[in-house]
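Enquirer: Take this structure first; my questions come after.
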Amino acid sequence: MGRPRPAPSKPWDVGDGRLSAAVGSSGQVISVHRDHPRWGWTHLSGFPPFDESARYDPDAVRAYRRRLEDPQAPGLRLEVDGLSWVGRRWQDGVVPEFTYRGPELEGRLATFASGGRLHVWMSLRATGPRAPDRVRVRFEVPWGLLRASYAQVTEGGPLPATDPENRLRWTQGALVWEAPGLPAWAALWPVPRTGERQGPAPLRVAWEEEWVLDAGCADRVLVVALSHRPPEFPHPVPGPAEVEGALSRALRARRWTAPIPRNPRLRAFVHRQLLFALDACAVRVGDATCLVTDPVLLPLSWNRDAYFIACLLGAASRLGGPLAERARSAVLGHLRWLFRVAARPSGWWGRSHLTNGAVKDPAFQLDQQWYPVLEVARAAVDWRLPEAWREYGPDALDVARRLVREKHANGLWPTSETPADDPLPLPYHFSSHVLAWRALQLLSRLDPAGPWAQEAAALRETVRAAFTTEEGLFAYATDGEQHQRYHDANDLPLACAARWGFCSADDPVWRRTVAFAWSPHNPGFFPGPYGGLGSLHARGPWTLGDVQAWVVGVSTGDPARLRRAWRRIRAVAFDDGLLCESYDPETGLPRTRAWFAWPGAAAAALVLGDPL
């Protein structure tokens, strides 16, 4: 065996639930983002807007995304004469820290979010008697303020184009970007006076400073803020001691102090997924919380993705420590967002929503209707949040009653799209019905006087009859006569069916289906040294397929399969511990979506013992 290849790299993420940022490999701040009351999400970055004429071109979408995923992309950069980049690491697993060295001089750069603002702190220290007493520092800021591109491979409802015009001015020690077409503002301070600029985003600014090393030390702090309102001045300028205090508080608030998992690698993995979920994906919207699937490429909320993020948050909320209360608050806030903020213009949730609750893609997906019901039930039953049922149980029951009324005469529900957001050739989708059964089972525990136990029993019998093929497999989809033979990494309920109790782990139909899923007979399986279960939506093995392998290993009592799944997840993870969407079956290198919260959150929830 050769030496393991280095982990692939992506920008590292920081945030505090109100603002987040992507930080490049040499310390440059590539992008800063936050929610917007009209457009859902805004980015301050060096990237131009996505070409609207390519909105339905998957190759153009993926090419644009790759630019955003580049850890060497341009951003807010500080270059100190005589210093060269040495490396980056996570300080206490929380804050990215970058080290630079030169002759008898060392620099450290820490970037973190606090109070809805991004702090960039460069600290220089002399390391020898011949260190310079002053240095020249160059600053470059190639940023513009835009609405998020929302570049989707399967576009389901493009938003109106927005004017990319930006105005950049200096006022009272701050650079202020204004995007009148949104409207939105961003500010960077303190900076020296610069001239005004206007034009399509991004707009480049650069300047130089001379730093004096007092007693061999020099510190420089920059602060970034985004808002949908004009900034108020003057902005406070934090000193090094104040920033150090804020950094210490940020580190303390993000420590993972729970007793599990004990394995250091598993512990670090869970910690990283949890921080990404809380800091970058759990977005505060008033007194609610929107769970987006990622803060950069597609800052949208799918109920499906959000449910599995909530599984991690719910499992973590039971374990104590400073992160547990944040996780608990995020779950309750997300339920509030689902039932009080998210729009349902036809009575149903859309495929995806903006952070403000507006429907982005209106296609009807059956599983997206059942996941919120299941989340309320699990919050009450599994995550020790009885207040969730008191507040949102009546809403969940209303949704379930309406769904039961909407069943076709054959006892099944049609759906317009698959959980991969692709068209479905046959109307009835198997794993969405397993999910519905799971939700009905939990409702029967919370509302025993209701019809839920009978509905669950009837549904299971109907689904087994309708979806079982002549070969003794569960079909991916059916119209009652024809069967589609396929399995997809996005369909976790199939893998979870035995663990949830829909069938036994020894059920021959489920066993044959699982064997088929990980075989060349399945169009969604991709062979190779890093082969595995994936999706035709983005060809190649998916990390969600590895999560499914993990679930099957647990369900069947197969520790070897479980270990293989964990080793694969470790092998394909980025150098910050996060997981991509799909990867190359020959090399294991990422193919699509460097930011994809769902698989990492689901895997971390499994580590904490959550059954999903």
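The sequence shown begins at 1 in this note's numbering and counts up by one. For each residue, glycine too, the CB sits at the ideal point set by N, CA and C. Just so it is clear, the structure is predicted and the values come from calculations on it, not from any experiment.
1. Are the beta-carbon atoms of Gly411 and Thr469 separated by less than 8 Å?
2. Output the boundary residues of the beta strand (DSSP E) element that contains Trp121.
3. Do Leu19 and Ala161 have their C-beta atoms closer together than 8 Å?
4. In the structure shown, what three-state DSSP assignment does Phe276 receive?
5. Pick helix, strand or coil for Leu536, following the three-state DSSP scheme.
6. Is it the case that the Cβ atoms of Gly320 and Ala258 are separated by a distance below 8 Å?
7. Quick one: residues in its chain with C-beta nearer than 6 Å to the C-beta of Thr592, no 5 flanking neighbours on either side, listed in chain order?
8. Within 10 Å of its beta-carbon, does Ser444 have 16 or more other beta-carbons around it, so buried, or fewer, so exposed?
9. Out of Asp219, Arg5, Pro585, Trp12, which has the shortest C-alpha to C-alpha gap to Gly107?
10. Is any heavy atom of the ligand FAD found at a distance shorter than 7 Å from the C-beta of Ala201?
11. Would the segment 309–320 and the segment 72–87 be scored as touching if the rule is three or more Cβ pairs under 8 Å?
12. Kindly confirm or deny that the segment 345–354 and the segment 297–308 touch, where touching means at least three C-beta pairs closer than 8 Å.
13. Which residues in the same chain have their Cβ closer than 6 Å to the Cβ of Val613, if we skip the five residues on either side of it in sequence?
14. Who are Val23's beta bridge partners in DSSP?
15. Out of curiosity, what's the CA-to-CA distance linking Gly480 and Ala465?
16. Mapping DSSP to helix, strand and coil, what is Ala7?
17. Pull up the CB-CB distance for Leu109 and Thr127, whole angstroms please, since I reckon it's below 8 Å.
18. Quick check on Asp491: buried or exposed, where buried means 16 or more other Cβ atoms within 10 Å of its Cβ?
19. Entirely within the segment 403–477 and at least 4 residues each: give me those alpha helix (DSSP H) ranges in chain order.
20. Just to confirm before moving on: does the CB-CB distance between Asp279 and Gly15 stay below 8 Å?
21. Between Ser26 and the rest of its own chain, which residues show a CB-CB distance below 6 Å, the 5 nearest in sequence each way excluded?
22. Are Leu68 and Val292 closer than 8 Å when you measure CB to CB?
23. Give a yes or no on whether the C-beta atoms belonging to Ser149 and Tyr64 are separated by under 8 Å.
24. DSSP state of Tyr530, grouped into three classes?
25. Give the straight-line distance between the Cα atoms of Gly199 and Leu274, rounded to the nearest whole angstrom.
26. Can you name, in chain order, every residue of its own chain whose Cβ lies under 7 Å from the Cβ of Val331, other than the five neighbours on each side?
27. Closest to Gly17 by CA distance: which of Leu44, Arg62, Leu118 is it?
28. Flag this pair as touching only if the segment 525–541 and the segment 413–430 have three or more C-beta atom pairs under 8 Å; answer yes or no.
29. Distance check for Arg62 and Ser9, CA to CA, integer angstroms please.
30. If I measure Cβ to Cβ from Val237 and keep anything under 6 Å in the same chain, skipping five residues before and after, which residues do I get?
Expert: Taking the definition as stated:
1. The residue you call residue 411 lines up with position 411 of the sequence shown. The residue you call residue 469 lines up with position 469 of the sequence shown. No; because the gap between Cβ atoms is not below 8 Å, this pair is not in contact.
2. As a working mapping, residue 121 is identified with position 121 in the sequence shown. 117–126 is the span of the beta strand (DSSP E), which, as asked, contains Trp121.
3. Within the sequence shown, numbered from 1, the residue matching residue 19 stands at position 19. Within the sequence shown, numbered from 1, the residue matching residue 161 stands at position 161. No, they are not a contact pair.
4. Within the sequence shown, numbered from 1, the residue matching residue 276 stands at position 276. Phe276: helix per DSSP, three-state reduction.
5. What you label residue 536 is simply residue 536 of the sequence shown in a count that begins at 1. DSSP places Leu536 in coil when its eight states are reduced to three.
6. In the sequence shown, counting from the first residue as 1, residue 320 sits at position 320. In the sequence shown, counting from the first residue as 1, residue 258 sits at position 258. Cβ distance < 8 Å, so Gly320 and Ala258 count as in contact.
7. As a first step, residue 592 is located in the sequence shown; it is residue number 592 there, counting from the start. For Thr592, where only same-chain residues beyond five positions count, the Cβ hits under 6 Å are Ala538, Glu581, Ser582.
8. The residue you call residue 444 lines up with position 444 of the sequence shown. That one is buried.
9. Taking the first residue of the sequence shown as 1, we reach residue 107 at position 107. Closest option to Gly107, Cα to Cα, is Asp219.
10. Only the bare structure without any ligand can be found here, which leaves the ligand FAD out of the picture.
11. no
12. yes
13. In the structure as shown, the chain starts at 1 and stops at 612, and residue 613 therefore has no counterpart that could be examined.
14. The residue you call residue 23 lines up with position 23 of the sequence shown. Partner(s): Trp12, Val29.
15. Taking the first residue of the sequence shown as position 1, residue 480 is located at position 480. Taking the first residue of the sequence shown as position 1, residue 465 is located at position 465. Using only the alpha carbons, I get a separation of about 9 Å.
16. Position 7 of the sequence shown holds residue 7. The answer is coil: DSSP assigns Ala7 none of H, G, I, E or B.
17. Within the sequence shown, numbered from 1, the residue matching residue 109 stands at position 109. Within the sequence shown, numbered from 1, the residue matching residue 127 stands at position 127. So it is not a contact: roughly 16 Å between Cβ atoms.
18. Looking up residue 491 in the sequence shown gives position 491. Burial call: buried.
19. 430–446, 452–467
20. Here residue 279 refers to the residue found at position 279 when the sequence shown is read from its first residue. Here residue 15 refers to the residue found at position 15 when the sequence shown is read from its first residue. Yes, Cβ-Cβ distance for Asp279 and Gly15 is below 8 Å.
21. By 1-based counting over the sequence shown, the position of residue 26 is 26. Excluding residues within five positions, the ones whose Cβ falls inside 6 Å are Trp85.
22. Translated into the one-based positions of the sequence shown, residue 68 becomes position 68. Translated into the one-based positions of the sequence shown, residue 292 becomes position 292. Going by C-beta atoms, Leu68 is not nearer than 8 Å to Val292.
23. Numbered from 1 along the sequence shown, position 149 holds the residue referred to as residue 149. Numbered from 1 along the sequence shown, position 64 holds the residue referred to as residue 64. It is a contact, given that the beta carbons lie within the stated cut-off.
24. Along the sequence shown, one-based indexing puts residue 530 at 530. Here Tyr530 sits in coil by DSSP.
25. As a first step, residue 199 is located in the sequence shown; it is residue number 199 there, counting from the start. As a first step, residue 274 is located in the sequence shown; it is residue number 274 there, counting from the start. Each residue's alpha carbon lies about 39 Å from the other.
26. Position 331 of the sequence shown, counting from 1, holds the residue named residue 331. Only Ala310, Leu313, Gly314, Ser317, Ala379, Trp383, Leu385 meet the Cβ criterion.
27. Counting from one through the sequence shown, the residue named residue 17 turns up at place 17. When only C-alpha atoms are compared, the closest one is Leu118.
28. yes
29. Numbered from 1 along the sequence shown, position 9 holds the residue referred to as residue 9. Numbered from 1 along the sequence shown, position 62 holds the residue referred to as residue 62. Taking the straight line joining both Cα atoms gives about 17 Å.
30. Counted from its first residue, the sequence shown places residue 237 at position 237. Correct list, in chain order: Pro190.
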